[in-house]
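Student: Per our numbering, the very first residue in the sequence shown carries number 31; after that it's consecutive.
Cβ coordinates follow ideal geometry from the N, Cα and C atoms, glycine included.
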Amino acid sequence: MPRRKRKRFVELSFHEKGGEVVVFPDEAEAVRLVDVLGMSQKRAAELMGVSQPTISRLLLQARRKLGIAMLESRRIRIEFDDSFIAVKRCRRCLKPVDRCGCEDGG
Ligand SMILES: [Zn+2]
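1) Can you name the residues that DSSP bridges to V51?
2) Mind checking whether L77 and K37 have CB atoms under 9 Å apart?
3) The alpha helix (DSSP H) with K118 in it runs from where to where?
4) Are any of the Cβ atoms in chain D nearer than 9 Å to that of C123?
5) Is R73 near ligand 1 - that is, is its Cβ less than 8 Å away from at least one heavy atom of it?
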């Protein structure tokens, strides 16, 4: 018989504020690579062309915003501007297709 789960204390004070939270593409990419795909911060930093402390900072910012969106029922909008480079990543090595050496990548 499975052990009974220990009770946990949670504060149930959700305020449905609505509106939206703006997430930047580099924050979204850091979350995708590390939290969704389970990659190390070091590897994610290599793939995004930034330092590991930068990935760490992006994750902190993004997780805070995602937490606010979750607790306050806000929409998440990813805001793109020309300071970001959209790339198609190789399915094998995850580097941008134009920088990867895989024969059958992309
Ligand atoms: Zn590749």
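Tutor: Once the coordinates are examined:
1) Answer is I106.
2) Contact: no.
3) That residue, K118, is in no alpha helix (DSSP H); it is neither H nor E in DSSP.
4) The structure shown contains no chain D, having only a single protein chain.
5) No, ligand 1 has no heavy atom inside 8 Å of this Cβ.
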